[in-house]
Amino acid sequence: MNRKQALKLLDLGTAMGMISGPALCSGLFKVNNVGARLPDSKDDLSGTPTAYLMAYFKSSKQQLFYAFSENCLSWTPLNKGNPVLETSVNLRDPFIGKANGKFHLVHTKGWDFPVIHHYESDDLLDWVGGPIQVVSDEKKRAWAPEWYYEEKEGVFYVFWASIHNGHNTIFYLKTKDWKNIRPNQSKIYYDLGIDDIDFTVTKVNKGPKPGYYAFHKPGSLEDNFSVACMYSPTINPEDPNFSFGNIKTQYTDMPQVVKPIEGPEIIQLNQEDKWYVYADPFHQPFVAWETTDFERFNPIKVQPPPQSKHCSILGITSSELAQLKKRYPV
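Below is the structure:
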């Protein structure tokens with residue numbers, strides 16, 4: 008049995024309830040239907056990020072793809088443009104980040120499933136994890152999950168969009184270790200009263216207005232809104248200073264935006280006080296802007312991977328890139 012066959016067998020077993028405990032697939036995946044355990048944290052000994060990794064899916068093939076870049080503008084697909092992971096479930100909206108020396112991948116399963124998938128890795132090559140039901144069945148879906156690790160609290164904030172009062176709303180939960188997550192832990196993060204999806208957040212420590220900046224896609228397809236930016240001095244919705252979802256914290260549409268559009272993603276450039284915001288127009292490749300203050304956003308030209316959809320981007324070291332190229336040649 009090859010790696011691809013083994014992975015598909017594990018996914019099928021999980022879906023049918025055949026796997027009640029952890030199972031190992033040739034060092035590639037370990038499936039666990041209650042979420043993945045985060046091992047003890049350890050120092051990142053791999054050095055300073057010097058390159059970038061994009062994780063994305065394609066509309067023609069909903070699996071995980073990788074591309075790399077030296078400048079976060081021009082991208083080269085890895086694995087000759089083929090998936091780096093293939094599962095028996097649809098894999099959409101992949102988000103990868105790093106916390107406590109570990110990489111964490113979350114993704115949407117498909118159109119209407121109340122689960123997200125979470126995996127953990129030491130090296131971006133071999134992953135451990137499985138599905139987690141984060142909302143009750145009547146919430147219907149859990150779209151575009153992302154997470155942010157809040158160091159002061161020592162917890163992961165996990166975000167996604169589910170149905171509430173007939174429209175898509177941003178939900179969240181907090182977890183220290185991704186274990187034993189249950190639907191009753193999830194809460195509404197904020198509610199605009201209209202459709203709202205694709206929440207992504209970053210923390211800015213310097214400048215005139217330090218705090219948290221989030222991008223999201225408000226409105227339905229018929230509303231034809233742009234992606235938008237919000238500010239909050241805190242990420243915790245229980246803090247009285249929390250202001251995501253407050254209309255006074257909203258920003259205007261991004262300049263020179265292409266509509267319809269969704270899937271915003273933000274990345275701070277390596278060793279710079281500059282950020283790029285990518286977004287995903289329905290009918291053309293990614294567009295992007297740069298900012299240094301989150302008040303002015305300047306359009307920039309990017310060369311994304313062919314057919315790439317709803318990406319996430321993270322900084323990686325030269326050794327991590329070398330390992331990726333070795334496993335997944337260009």
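Under the numbering used here, read the sequence shown as residues 8 to 337, first letter to last. Backbone N, C-alpha and C fix where the C-beta goes; we use that ideal spot for every residue, glycine too.
- Taking 8 Å as the cut-off, the Cβ atoms of Asp-198 and His-223 do not count as close.
- Comparing alpha carbon positions, the residue from Asn-175, Ala-149, Lys-210, Val-141 closest to Trp-185 is Val-141.
- Judged by DSSP in its simplified three-state form, Gln-263 adopts coil rather than helix or strand.
- Non-local beta-carbon contacts of Gln-192 in its own chain, meaning distances under 6 Å to residues more than five positions away in sequence, involve Leu-180 in chain order.
- Minimum Cα-Cα distance from Ser-169 among the listed residues Val-162, Lys-159, Ala-149, Lys-183 corresponds to Ala-149.
- His-111 is positioned such that its CB atom lies no closer than 8 Å to that of His-124.
- The residue from Val-211, Leu-98, Pro-190, Gly-270 with its alpha-carbon nearest to that of Pro-225 is Gly-270.
- Taking all protein chains shown into account, Phe-301 has 16 or more neighbouring C-beta atoms within 10 Å of its C-beta and is therefore buried.
- Contact check for Thr-207 and Glu-153: beta-carbon distance about 5 Å, within the 8 Å limit, so the pair qualifies.
- Under the three-pair Cβ rule at 8 Å, the stretch 319-329 does not count as touching the stretch 295-309.
- In summary, Lys-316 is buried, with 16 or more beta-carbon neighbours lying within 10 Å of its beta-carbon over all protein chains present.
- Scanning its chain for C-beta atoms nearer than 8 Å, with the 5 sequence neighbours on each side dropped, one finds around Pro-244 the residues Tyr-179, Lys-194, Tyr-196, Tyr-197, Phe-251, in chain order.
- Contact between Ile-268 and Ser-233 holds: CB atoms are separated by about 6 Å, below the 8 Å threshold.
- Per DSSP, the beta bridge partners of Ala-235 are His-223.
- When the Cα atoms are used, Thr-83 and Tyr-335 turn out to be separated by approximately 12 Å.
- Excluding five sequence positions before and after Pro-240, the CB atoms of its chain that fall closer than 6 Å to its own CB belong to Gly-218, Asn-248, given in chain order.
- Counting only runs that start and end inside the stretch 61-133, the beta strand (DSSP E) elements of at least 3 residues fall at 68-76, 99-106, 109-115, 122-128.
- Going by beta carbons, Ile-242 and Glu-157 fall inside the 8 Å limit.
- Judged by DSSP secondary structure, Ser-315 falls outside any alpha helix (DSSP H) and instead within the beta strand (DSSP E) spanning 315-323.
- DSSP places Gln-278 outside any beta strand (DSSP E), giving it a letter other than H or E.
- Annotation for Phe-251: no beta strand (DSSP E) segment contains it, and DSSP assigns it neither H nor E.
- For Glu-145, the secondary structure class from DSSP, reduced to helix, strand or coil, is helix.
- Ala-235 places its beta carbon less than 8 Å from that of Asp-260.
- Contact between Val-265 and Val-284 does not hold, since the beta-carbon distance rounds to 13 Å and is not under 8 Å.
- Annotated as proximal: Tyr-59 and Ser-76, with beta-carbon spacing under 8 Å.
- Using a 10 angstroms sphere on the CB of Phe-289, the tally of other CB atoms stays under 16, which defines it as exposed.
- Residue range 294-298 is occupied by the beta strand (DSSP E) that includes Glu-297.
- Residue state for Asn-191 is assigned as helix, using DSSP reduced to three classes.
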